[in-house]
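Report on one structure; see the data block that follows.
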Amino acid sequence: MVRILLILHLIFLGNSFMCHAVNISHADRKVLSAFWSYANRHRLAELTVNRRIPVIARFFLGTPYQRNTLNVAKENLPVINLRELDCVTFVENVLALALLEKYESRMQTAFVENIVKLRYRNGEIVDYISRLHYSSDWLFEMQKARFLTDITQFAGGIPYHPEMCFMSEHADRYPPLKDKKLLDGIKKIETEINGRTYYYIPKEKLSESCNRIKNGDIILITTTIKGLDTSHLGFALEQDGEIYLLHASSQGKKVMISPRPLQEYMQGISSQSGIMVARAAKTLPGSVIEGE
């Protein structure tokens, strides 16, 4: 019975993504080809998802920073761009690769499917607001999909209640929101987010929580900017007993490791108020060792 259910589940997933066929550019295929070789050298398939993440994230070190790469016409979705990354697409691409069952060229389609699952609500490209624009909403949906676990409260977090309204109150910055139906839709999403309870670790308390943050955890940096929940994200990277941030930096213009430990890095940015922390929770098919 379990085998039958698994087969039906895989058929459902296959049918769900048939409409998301995408042409990956020659340049991006070259990046993937280099990654398959890298993955096999590092024997990624033998690692749990959480242990894969920092290894995969390091593969992208030095990749140029580029914002707004996802703002294209619907017929060109999903966007696959491994050559230029912002903080969101960096995290998406690393997770999409970490969740693969194998590391070989035939897994290219599975990688694209993972991008769709990670980027869009319920893994479906419907319209502009089906993309998970708010990071706290993304975290909520990734928990529902059992890809991630929000460990912020466990790590010492306190209740966090930002009032989401940035996109609806600054609709002029988002051309698709000229459509009243989409604008009303984003307002509804903001209301739903505002009705949830989240947690965050104030940056002044990070030193008390760092021992509960693991290598490869996803770090969502909360913000004091009105109407927003977070302003940045990346991965925790343990070095010399300290937690650093491995991220696509708008200031550094590339994927890089923060020059100082996470708490020191954040102290220099007044708009960053603290962090939320997520950990990969996905168990791969046939895995005998569950994600940590």
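Quick note on the working numbering: the sequence shown kicks off at 8 and runs consecutively.
From the three backbone atoms N, C-alpha and C, an ideal C-beta is built for every residue, glycine too.
Checklist entry - Cβ of Ala64 within 8 angstroms of Cβ of Leu253? => result A Cβ-Cβ contact shorter than 8 angstroms links Ala64 with Leu253.
Item to check | Thr70 (DSSP reduced to helix, strand or coil) | outcome: Look at Thr70 here: in three-state DSSP terms it is coil, with no helix or strand label.
Next on the checklist: For a test of the three-state rule: what should DSSP assign to Ser238, helix, strand or coil?
Outcome noted: In this structure, Ser238 counts as strand in the three-state DSSP scheme.
Item to check | For Ile282, three-class secondary structure by DSSP | outcome: In the structure shown, Ile282 sits in a strand (DSSP, three-state: E or B).
Next on the checklist: So, with DSSP's three-state summary, where would you put Arg58?
Outcome noted: For Arg58, the three-state secondary structure derived from DSSP is helix.
Checklist entry - Under a Cβ-count criterion, where at least 16 other Cβ atoms within 10 Å of its own Cβ denotes burial, should Leu104 be classed as buried or exposed? => result The residue in question, Leu104, is buried, as its Cβ has 16 or more Cβ neighbours within 10 Å.
Checklist entry - Within the chosen definition, does the region 254 to 264 reach the region 52 to 71 through at least 3 CB pairs nearer than 8 angstroms? => result As far as the Cβ criterion goes, the region 254 to 264 touches the region 52 to 71, which means the pair count is three or higher.
Next on the checklist: Residues in the same chain with beta-carbon distance under 6 angstroms from Arg286, minus the five sequence neighbours each way, listed in chain order, please.
Outcome noted: Closer than 6 angstroms at Cβ, skipping near neighbours: Thr156, Ile158 and Asp224.
Checklist entry - What are the boundary residues of the alpha helix (DSSP H) that Ile193 is part of? => result Segment Lys187 to Asn201, the alpha helix (DSSP H) holding Ile193.
Next on the checklist: Tell me the rounded alpha-carbon separation between Lys151 and Glu131.
Outcome noted: Each residue's CA atom was taken as its position, placing Lys151 and Glu131 some 15 angstroms apart.
Next on the checklist: By the three-class DSSP mapping on this structure, what secondary structure does Tyr45 have?
Outcome noted: Here Tyr45 sits in helix by DSSP.
Item to check | Per DSSP, the bridge partner or partners of Gln246 | outcome: Note: Gln246 sits in a beta bridge opposite Glu249.
Checklist entry - Relative to the alpha-carbon of Met174, which residue among Gln160, Leu227, Pro166 and Ile200 has its alpha-carbon at the smallest distance? => result Residue nearest to Met174 within the set Gln160, Leu227, Pro166 and Ile200 is Ile200 (criterion: CA-CA distance).
Checklist entry - In terms of residues, what are the limits of the alpha helix (DSSP H) holding Tyr272? => result Where Tyr272 is concerned, the enclosing alpha helix (DSSP H) stretches over Leu269 to Gln274.
Checklist entry - Roughly how far, in whole angstroms, is the beta-carbon of Glu197 from the beta-carbon of Cys172, given that I think they are within contact range, below 8 angstroms? => result The pair is a contact, with the Cβ atoms about 6 angstroms apart (cut-off 8 angstroms).
Checklist entry - When the Cα atoms are used, what is the spatial distance from Gly163 to Glu99? => result Spanning the alpha carbons of Gly163 and Glu99 requires a straight line of approximately 26 angstroms.
Checklist entry - Does DSSP put Leu139 in a helix, in a strand, or in coil? => result Look at Leu139 here: in three-state DSSP terms it is coil, with no helix or strand label.
Next on the checklist: Looking only at its chain, what residues have a beta carbon closer than 8 angstroms to the beta carbon of Arg74, apart from the 5 residues adjacent to it on each side?
Outcome noted: Counting only Cβ-Cβ distances below 8 angstroms, and skipping sequence neighbours, we find Asp93 and Ser257.
Checklist entry - Which residue from Asn83, Thr76, Asp186 and Glu108 puts its Cα closest to that of Phe97? => result Comparing C-alpha distances from Phe97 to each of Asn83, Thr76, Asp186 and Glu108 shows the shortest one belongs to Thr76.
Checklist entry - For His2, does the three-state DSSP call read helix, strand or coil? => result The structure shown does not extend to residue 2, since the chain spans only 8 to 299, so no value can be given for it.
Checklist entry - Sorted by chain position, which residues of the same chain lie with C-beta nearer than 8 angstroms to Lys221's C-beta, five sequence neighbours on each side aside? => result Result list for Lys221: Asn57, Ala243, Glu245, Arg286 and Glu299, in chain order.
Next on the checklist: Runs of 3 residues minimum, wholly inside the region 91 to 165: which ones carry the beta strand (DSSP E) assignment?
Outcome noted: DSSP runs (the beta strand (DSSP E)) wholly in the region 91 to 165: 155 to 157.
Item to check | beta strand (DSSP E) segment containing Leu227, residue limits | outcome: Segment Ile225 to Thr230, the beta strand (DSSP E) holding Leu227.
Checklist entry - Would Cys121 be called buried (16 or more neighbouring beta carbons within 10 Å of its own) or exposed? => result A small correction: the amino acid at residue 121 is Asn; Cys does not occupy that position in the sequence shown. Answer is buried; the Cβ neighbour count reaches 16.
Checklist entry - Helix, strand or coil: how does DSSP classify Ser214 here? => result Ser214: helix per DSSP, three-state reduction.
Checklist entry - Using DSSP with H/G/I as helix, E/B as strand and the rest coil, what is Pro209? => result Three-state DSSP puts Pro209 in a strand.
Item to check | Cutoff 6 angstroms; reference Leu235; Cβ partners in own chain excluding five residues on either side | outcome: Apart from the 5 residues on each side of it in sequence, Leu235 sits with its Cβ closer than 6 angstroms to the Cβ of Phe173 in its chain, given in chain order.
Next on the checklist: Measuring alpha carbon to alpha carbon, tell me which residue in Asp247, Lys124 and Glu111 is nearest Arg153.
Outcome noted: Proximity to Arg153 across Asp247, Lys124 and Glu111 peaks at Lys124, based on C-alpha coordinates.
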